[in-house]
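In this note's numbering, the protein residues as written are 50 to 436.
Worksheet for the structure shown next.
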Amino acid sequence: MKEVRKMVERLRREKYEKVISNYPNVELLEGTAEFLSPEEVLIKYDGKEFNVKANNYLIATGSKPSIPPIDGLDKVEYLTSDTIWNLEKLPESTIIIGGGAIGLELGQALQHFGSQVSIIEALPRICYIAEPEISNVLQEILEEEGMKFYLRSRVSRVRKEGEKIVVEVLTKKGLDRVEGEALIIATGRKANTENLGLDKAKVDLDDKGFIKVDDYMRTSNPSIYAAGDVISKSLMLETLAAREGVIAALNIMGQRTMIDYSATPWVVFTNPNLASVGMGESEVMSKYGACTCRVIDLKTVAKAQLLGAKGLAKLILNPKDGRILGAQVLAPFASEFITEVAIAIKAKMSYDDLINTIHVFPTMSEVLKVTAQAFLRDVSLMSCCVE
Numbered sequence: 050m051k052e053v054r055k056m057v058e059r060l061r062r063e064k065y066e067k068v069i070s071n072y073p074n075v076e077l078l079e080g081t082a083e084f085l086s087p088e089e090v091l092i093k094y095d096g097k098e099f100n101v102k103a104n105n106y107l108i109a110t111g112s113k114p115s116i117p118p119i120d121g122l123d124k125v126e127y128l129t130s131d132t133i134w135n136l137e138k139l140p141e142s143t144i145i146i147g148g149g150a151i152g153l154e155l156g157q158a159l160q161h162f163g164s165q166v167s168i169i170e171a172l173p174r175i176c177y178i179a180e181p182e183i184s185n186v187l188q189e190i191l192e193e194e195g196m197k198f199y200l201r202s203r204v205s206r207v208r209k210e211g212e213k214i215v216v217e218v219l220t221k222k223g224l225d226r227v228e229g230e231a232l233i234i235a236t237g238r239k240a241n242t243e244n245l246g247l248d249k250a251k252v253d254l255d256d257k258g259f260i261k262v263d264d265y266m267r268t269s270n271p272s273i274y275a276a277g278d279v280i281s282k283s284l285m286l287e288t289l290a291a292r293e294g295v296i297a298a299l300n301i302m303g304q305r306t307m308i309d310y311s312a313t314p315w316v317v318f319t320n321p322n323l324a325s326v327g328m329g330e331s332e333v334m335s336k337y338g339a340c341t342c343r344v345i346d347l348k349t350v351a352k353a354q355l356l357g358a359k360g361l362a363k364l365i366l367n368p369k370d371g372r373i374l375g376a377q378v379l380a381p382f383a384s385e386f387i388t389e390v391a392i393a394i395k396a397k398m399s400y401d402d403l404i405n406t407i408h409v410f411p412t413m414s415e416v417l418k419v420t421a422q423a424f425l426r427d428v429s430l431m432s433c434c435v436e
């Protein structure tokens, strides 16, 4: 963890602090900020206060771990995705509350290091935003590695018992208990909107405390913009936050530009990666009343056989014209080639375009072409590199 912290500190200096300080038209003001009115902000730093006025503001205060109201949680030590990097000793056993991306990524890493990991999730399956067949296979892979899962389960109480933390869990079979040396809370993130004086700025929030924005990144106050994890949206991604910041800046400068979320790739960095972009099957069904989809097993791809990799790939088409609307891949290195589908969606390409694009053999990216070919033939009976 020491090396991780050193790398983060170095990258922060090189990629953020030094970069912004080299811009001749940017003045960096350190401190906490609070709106006094829609036009004026109070900044506090090192015991000093001063006011700033501007025609436009961009709020990009990010997010922080959301901690659920669990009985006894305030009486035990727990970690989050923000604080786990301060861990100095590997716990023999770890309990993670939350089976989404954060819980799975941290959980598998700890399991690989040698900690016995148990994940408690209230929903019927892990990584609920993934396609059902994809998340089910990911769970099988993680269970084969030794991770334990408690699904459809709710935490009723947490307490310390000697050197262990005990989590009481209500499952479909009744009350159960999970013991661990460490506890991680991975139940999502919430917006950093407290103490910003947003009511004085006439900036509205949604029912979860995130800032409401339109497609131009404008808040309810047209002079104030917001971007990143602090806004109301479905995905919290660094790359997406950067794009939203650009859209906001362009609009502030008078270049009317809208955000497009239709081809935003996201990845759960487990091994194998779970990579996704575009619409899911249920979303397509709701919009079009039908869905043209294909799911293939990774064993139909030569590279996967070479690696002994287990996984799936799913391609989702517009049922009317065969255009690609979405994809989800559970495979090694899926994070490295999911952008191919993002480009295909933005370019309004069809599955034929994927088939007619030559892919390198043997690579994992071939899985996209093979999945497209599955709309035409039984790929399990197909020779390698067949067009």
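Ideal Cβ positions, reconstructed from N, Cα and C, are used throughout, including at glycine.
Since the structure is predicted, the reported quantities are computational estimates derived from the model, not experimental observations.
- Note that the C-beta distance between residue 228 and residue 215 is below 8 Å.
- Linking residue 202 to residue 321 through their CA atoms gives a straight-line distance of about 25 Å.
- Per DSSP, residue 279 lies in no beta strand (DSSP E) and is assigned neither H nor E.
- Between the region 290 to 310 and the region 342 to 359, the count of Cβ pairs shorter than 8 Å is below three; the stretches do not touch.
- In the structure shown, residue 135 falls within a helical segment according to DSSP collapsed to helix, strand and coil.
- Rounded to the nearest whole angstrom, the CA to CA distance from residue 140 to residue 197 is 16 Å.
- In the structure shown, the three-state DSSP call for residue 400 is helix.
- Contact between the region 162 to 182 and the region 137 to 154 is present: 3 or more CB-CB pairs across the two stretches fall below 8 Å.
- Secondary structure remark: continuous alpha helix (DSSP H) runs of at least 4 residues inside the region 310 to 335: none found.
- Looking at the backbone, the Cα of residue 344 and that of residue 377 are separated by about 9 Å.
- Residue environment: residue 114 is assigned as buried (16 or more neighbouring CB atoms within 10 Å of its CB, all protein chains considered).
- In the structure shown, the three-state DSSP call for residue 181 is helix.
- In chain order, 105 place their CB closer than 6 Å to the CB of residue 272, counting only its own chain and leaving out the 5 sequence neighbours on each side.
- Close CB contacts of residue 315 within its chain, under the 7 Å cut and outside five residues either way in sequence, are with 284, 286, 325 (chain order).
- About 7 Å separates the beta carbon of residue 380 from that of residue 362, a gap short enough to meet the 8 Å contact definition.
- Here DSSP, grouped into helix, strand and coil, assigns residue 109 to coil.
- Rounded to the nearest angstrom, the Cβ distance from residue 231 to residue 143 is 5 Å, consistent with a contact under 8 Å.
- For residue 275 against residue 153, the beta-carbon gap comes to about 29 Å, at or over 8 Å, which does not count as contact.
- Close CB contacts of residue 79 within its chain, under the 6 Å cut and outside five residues either way in sequence, are with 94 (chain order).
- Checking the DSSP bridge columns, you'll see residue 346 partnered with 361.
- By the C-beta density criterion, residue 132 is exposed, having fewer than 16 other C-beta atoms within 10 angstroms.
- Pairing residue 374 with residue 419 gives a Cβ-Cβ distance that is not under 8 Å.
- Your pair residue 382 and residue 400 does not check out as a contact, with CB atoms roughly 22 Å apart and the cut at 8 Å.
- Unbroken beta strand (DSSP E) runs of no fewer than 3 residues, entirely contained in the region 51 to 132, are found at 81 to 84, 89 to 94, 97 to 102, 106 to 108, 112 to 114, following chain order.
- In this chain, the alpha helix (DSSP H) harbouring residue 392 covers 383 to 395.
- The beta-carbon distance between residue 239 and residue 112, rounded to whole angstroms, is 6 Å. This is short enough to meet the 8 Å contact definition.
- Note on the region 241 to 311: whole beta strand (DSSP E) runs with a minimum of 3 residues are 273 to 275, in chain order.
- Residue range 150 to 162 is occupied by the alpha helix (DSSP H) that includes residue 159.
- Close CB contacts of residue 278 within its chain, under the 6 Å cut and outside five residues either way in sequence, are with 111, 112, 285 (chain order).
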